[in-house]
Amino acid sequence: MEKVRVRFAPSPTGPLHIGGVRTALYNYLFAKQNHGACILRIEDTDRHRFVEGAEEYITESFKWLGITFDEGVHLGGKFAPYKQSERKEIYQQYIQQLIESGWAYYAFDTAEELEAKRKEYESEKKNFQYDMTTRYGMTNSLSLSEEEVKSRMDMPYVVRFKMPEDREIVIQDLIRGEVRILSNLLDDKVLYKSDGLPTYHLANIVDDHLMEITHVIRGEEWLPSAPLHVMLYEAFGWQAPQFAHLPLLLKPDGNGKLSKRDGDRLGFPVFPLDWQNPETGEFSKGYRENGYLPEAVLNFLALLGWNPGTTEELLSMDELIALFSIKRISKSDAKFDIEKARWFNHQYIQKKDNHELALIFEKMLVALSIQVALPKIEQAVALVKERLHLLTDFPEQSLFLFVTPEEYDTQVVKKKWKEDTPIHLTEIQKIITNITPFDKTVAHDAVMNYITSNELNTGQIMNCLRLSLVGAAKGPDLFEIVGFLGKEESCNRISRAITLLS
Ligand code: GLU
């Protein structure tokens, strides 16, 4: 079998959508599984839609996610350059070839003329399409004489594909099976624009051919372009790669494609990293900054539209590579489920080494002007880890371990703090002070002993002890907290609470 070569070919028109990340991931898994190559190509021939910084955003996203490419922008390779705007000259000869072989033609219609045509059709309640039925009535090298064409060659023009008539175009899709469409329904797409750059369609086909791409794995939104692409391969006399059009990622309720607006509305990111549009200033949040681990994002995305055929959901990159199969990609669109993403993230946080997590959390604490020694942070991680769904939950879940409470939850105070509470807490404080060497289990047993021998309400006393140490009715096991804080700090906090609340 020839070597598998796939590509991810984003256009730098904004931040990389999470659906694009999934497309890249499937390409990556497929390449790795088949010991092939995965290429990163930037398709930037549409200069109107170009957005500053988008390309850097794309490469940084993959760096964070741990998806690596074998060839591509910033990496080079046998078929460099991998950015289409740097391949301008390459496309010229191919457009020429299509014109000479009669598969394409020059069109001189101005924007105003096209608009007028559209209006004319609209007034008759019809849709204008530049196609086999209209092309001979337009201003192009099919309708004009050779002389007229020559005389117009220094004016702006485009090159259009001459879609053949009466053809049934067949696309063999690895996910959808056979897709058929009649060529008569298709328009004569622009292949080359007056700015001297090819359109997506031409550049994409020429590059896929020259870069020896064997499989085109891309989003379903490109399926309508596939018939033209198949015809372009025929026009060039090239063998087409195999196609696999991936199902869409839908909004959580299943009503339409997942968009940035859904993310904003429902409070979850739809982009891998934070992004600020340099032109509009509009801000979009990212998975990284929202406290997701890249391995969780990848695992979650892998299962949106593909299933491994087992019940195991937690799959490492190596397992994903081993299990991946295009056959198991679903035809139907996948609903986005942020709760599931959080679940995966929780699982991956649990798997992660405490020391590694402590290094991440140290930065968060420093940002809050809290300086704590790394081993102590690691100890805190062990205490609160199971409560973390997002890495960014850490400060909220652990702050009281590092900072003495300034305030106490008034609801809890009202419900639990009784007149005799200070007396009992003072006794408990004494008990804790007298344990030498200090030990949390001994402290637990001694305090429990005090409660039972005085026939006190365990819940109420424990709640007040927690309130003194934490400031609220939350946190991990109380004596784990006592152990973390140590004898002195625990006793100081009890005194402080007694003074402030009595
Ligand atoms: N440049 C296209 C995009 O932005 C690539 C589509 C394809 O993979 O053919 O998604």
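Our numbering numbers the first residue of the sequence shown as 56 and each following residue consecutively.
We treat Cβ as the ideally placed atom computed from N, Cα and C, and that holds for glycine.
Got a sec, what are the start and stop residues for the alpha helix (DSSP H) residue i sits in?
i: V285; result: A281 to F291
i: A357; result: P349 to A357
i: I122; result: Note, I122: premise wrong, no alpha helix (DSSP H); not H, not E.
i: L246; result: Note, L246: premise wrong, no alpha helix (DSSP H); beta strand (DSSP E) at V245 to Y247.
i: L265; result: Y255 to L265
i: L95; result: It is not in any alpha helix (DSSP H) - L95 instead sits in the beta strand (DSSP E) that spans A92 to L95.
i: P450; result: F449 to F457
Rounded to the nearest angstrom, how far is the Cβ of residue i from that of residue j, given a contact under 8 Å?
i: R104; j: N82; result: R104 to N82, Cβ: 22 Å. No contact.
i: R215; j: V234; result: At roughly 24 Å, the Cβ-Cβ gap does not stay under 8 Å, so R215 and V234 are not in contact.
i: K172; j: F183; result: 5 Å
i: L445; j: Y347; result: 7 Å
i: L369; j: Q331; result: So it is not a contact: roughly 34 Å between Cβ atoms.
i: L456; j: A389; result: With a Cβ gap of about 40 Å, L456 and A389 do not count as contacting.
i: P327; j: S116; result: 4 Å
i: H479; j: I425; result: With 8 Å as the limit, H479 and I425 do not qualify as a contact, their Cβ atoms being about 32 Å apart.
i: I381; j: F85; result: 7 Å
May I ask you to check if the CB of residue i is nearer than 7 Å to at least one heavy atom of the ligand GLU?
i: V271; result: yes
i: Y160; result: no
i: Y83; result: no
i: N259; result: yes
i: Y146; result: no
i: Y112; result: no
i: S380; result: no
i: W277; result: yes
i: A64; result: yes
i: Y137; result: no
i: Y255; result: yes
Whole angstroms are fine: how far does the CA of residue j sit from the CA of residue i?
i: I549; j: N509; result: 20 Å
i: P333; j: P70; result: 11 Å
i: G121; j: P349; result: 7 Å
i: I393; j: R442; result: 17 Å
i: M208; j: L257; result: 21 Å
i: T465; j: V537; result: 22 Å
i: D243; j: M218; result: 6 Å
i: Y146; j: Y255; result: 11 Å
i: Y137; j: T114; result: 13 Å
i: Y505; j: N489; result: 14 Å
i: E542; j: E451; result: Note that residue 542 is Lys in the sequence shown here, rather than Glu. Taking the straight line from one Cα to the other gives about 24 Å.
i: D532; j: A64; result: 51 Å
i: Q484; j: D408; result: 35 Å
i: K470; j: G336; result: 48 Å
i: S385; j: W472; result: 57 Å
i: L555; j: E111; result: 54 Å
Would you say the beta carbon of residue i is closer than 7 Å to some non-hydrogen atom of the ligand MG?
i: E98; result: The ligand MG is absent from the structure shown, which contains only the ligand GLU.
How far does the beta strand (DSSP E) with residue i in it reach, from first residue to last?
i: Q294; result: Run containing Q294: none; DSSP gives neither H nor E here.
i: E233; result: G232 to L237
i: L520; result: First-last for L520: T513 to V525, but that is the alpha helix (DSSP H), not the beta strand (DSSP E).
i: R62; result: R60 to F63
i: L241; result: Segment: none, L241 is in no beta strand (DSSP E) and carries neither H nor E.
i: G274; result: H270 to G274
i: A528; result: Neither: A528 is in no beta strand (DSSP E) and is coded neither H nor E.
Check: Quick one: complete beta strand (DSSP E) runs, 3+ long, within the stretch 466–501?
Finding: none
Check: What are the complete beta strand (DSSP E) segments, minimum 3 residues, inside the stretch 199–223?
Finding: 213–216
Next item on the list: Could you name each continuous beta strand (DSSP E) segment of 3 residues or more that falls completely within the stretch 129–162, going from the start of the chain to the end?
Entry: 159–162
Notebook entry, point to check: In chain order, which alpha helix (DSSP H) runs of at least 4 residues are fully inside the stretch 373–432?
Noted result: 393–406 and 409–422
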